[in-house]
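Numbering follows the numbering used here, in which position 72 of the sequence shown is assigned residue number 75; successive positions increment by one, without gaps.
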Amino acid sequence: MTSAVDAHAIQGERVGLPVRIRDAAVASAMFAVPAGAAQAVIAYSGLDIAEPLPGRAVCSLAFVRYADGDLGPYHEFAVAFLVRPPGSAPPSGTLGRLRGLAGVGAFIHWLPVNQEFTLEAGRTIWGFPKELADIPMDLAGRVKRCAVKFGGRTAIEVAVRPGAPMPGGSGAPRVEAYSCLDGVTRRTPWTVTPSEVRMRPGGAKVVLGDHPVAEELRGLGLDRARALSSSTVGHLAMSFEAAEEVRG
């Protein structure tokens with residue numbers, strides 16, 4: 004059932020839908036991880052991990068600086084996994100797997116932010132698993148760096164080295180973002196318009212600290228894995244529509 008609500012009251016302010024982000028900058032990296040272990044991590048969602056290759060899943064780490072948008076300026080870190088659309092059958096054969104990738108979405112497993120307003124908005128409007136953290140970030144330097152800290156203790160650090168410039172229009176214009184909060188799984192249509200995109204194979208370094216999510220990522224081998232690819236986006240505009248419940 005799709006929500007008919009087109010506006011929400013967040014901390015005394017009206018937030019209308021779609022929520023628009025006019026300027027953000029992003030650095031991210033994608034890793035191949037064991038599909039069985041990844042499925043165990045997201046089992047609570049009821050969704051199924053996508054397997055671009057037999058037995059392999061894709062985990063994405065991303066950090067974002069939101070400079071101008073309807074939820075105000077803030078920093079965000081995301082751990083996400085590629086998942087199949089709910090109810091879809093596992094593709095068979097190489098061609099089937101390639102075709103199946105066209106419909107995959109991104110399941111947002113962990114989403115710390117550093118501001119209270121976006122935390123409440125994210126949890127209330129879309130069911131995103133936002134939690135408050137200290138997220139120091141450097142997107143101005145040649146190497147993009149970010150850390151997530153709780154009470155001064157580091158949960159994770161990520162560094163992304165620069166890649167080669169990509170042609171204009173690179174990136175997916177529409178993403179299906181999935182989330183699960185309080186036992187309810189939701190799908191949120193998410194439109195992205197990137198520019199100043201750079202990509203490269205490898206290019207990321209991950210250091211894991213002391214946090215339950217860090218332990219999960221360590222169990223996936225991310226403390227020793229080489230990134231499939233890494234990317235930076237100098238300017239990103241986004242639009243988030245209403246969430247639809249797919250399981251609950």
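Built from N, CA and C at the ideal position, the CB exists for glycine as well. This one's a predicted model, so the numbers in the text were calculated from it and none came from an experiment.
CB-CB under 6 Å to residue 157, same chain, minus the five flanking residues each way: which ones, in chain order?
-> 150, 212
With DSSP run on the structure shown, which of helix, strand or coil describes residue 126?
-> helix
Run the CB neighbour count on residue 32, radius 10 Å, all protein chains shown included, and call it buried at 16 or more, exposed below.
-> buried
Is residue 227 helix, strand or coil when you go by DSSP?
-> coil
Residue 41 (DSSP reduced to helix, strand or coil) = helix
Return the chain-ordered list of same chain residues with a C-beta closer than 6 Å to the C-beta of residue 169, the five sequence neighbours on each side being excluded.
-> 200, 202
Looking at C-beta atoms only, is the number of pairs between the segment 231-239 and the segment 39-51 that lie closer than 8 Å three or more?
-> no
Count the other C-beta atoms from every protein chain shown that fall within 10 angstroms of the C-beta of residue 215, then say buried if there are 16 or more, exposed otherwise.
-> exposed
Buried/exposed call for residue 135, threshold 16 Cβ in 10 Å | exposed
Evaluate the contact criterion for the segment 84-91 versus the segment 140-147: three or more CB pairs, one atom per stretch, below 8 Å.
-> no
Can the beta-carbon of residue 106 be found closer than 7 Å to that of residue 86?
-> no
Span of the alpha helix (DSSP H), counted from its first residue to its last, around residue 247 | Residue 247 -> not in any alpha helix (DSSP H); beta strand (DSSP E) instead, spanning 247-250.
Residue environment, residue 276, which counts as buried when at least 16 other CB atoms sit within 10 Å = Nothing about residue 276 can be reported from this structure: the residues present for the chain run from 4 to 251 only.
Sorted by chain position, which residues of the same chain lie with C-beta nearer than 6 Å to residue 244's C-beta, five sequence neighbours on each side aside?
-> 21, 192
Report, in whole angstroms, the separation of the C-beta atoms of residue 60 and residue 43, which I expect to be a contact under 8 Å.
-> About 11 Å; that fails the 8 Å criterion.
As assigned by DSSP and simplified to three states, the class of residue 4 = Confidence is the limiting factor: at residue 4 the pLDDT is only 37, short of 50, which leaves the residue's position unreliable and the question unanswerable from this model.
Smallest Cα separation from residue 257: which of 163, 160, 146, 67?
-> With the chain covering only 4 through 251, there is no way to say anything about residue 257.
Under 6 Å Cβ to Cβ from residue 164, same chain only, skipping five residues before and after it: list those, please.
-> 146, 206
What residues in its chain sit with their C-beta under 8 Å from that of residue 124, if we drop five residues either side in the sequence?
-> 11, 13, 18, 22, 74
Taking all protein chains shown into account, decide if residue 167 is buried (16 or more other Cβ within 10 angstroms of its Cβ) or exposed.
-> exposed
So, is residue 98 buried or exposed, given that buried needs 16 or more other C-beta atoms within 10 angstroms?
-> With a pLDDT of 47 at residue 98, under the threshold of 50, the modelled position of that residue is not reliable, and the figure given next carries that caveat. Exposed, since its Cβ has fewer than 16 Cβ neighbours within 10 Å.
Roughly how many angstroms separate the alpha carbons of residue 82 and residue 71, rounded to a whole number?
-> 22 Å
Who pairs with residue 202 in a beta bridge, going by DSSP?
-> 167, 234
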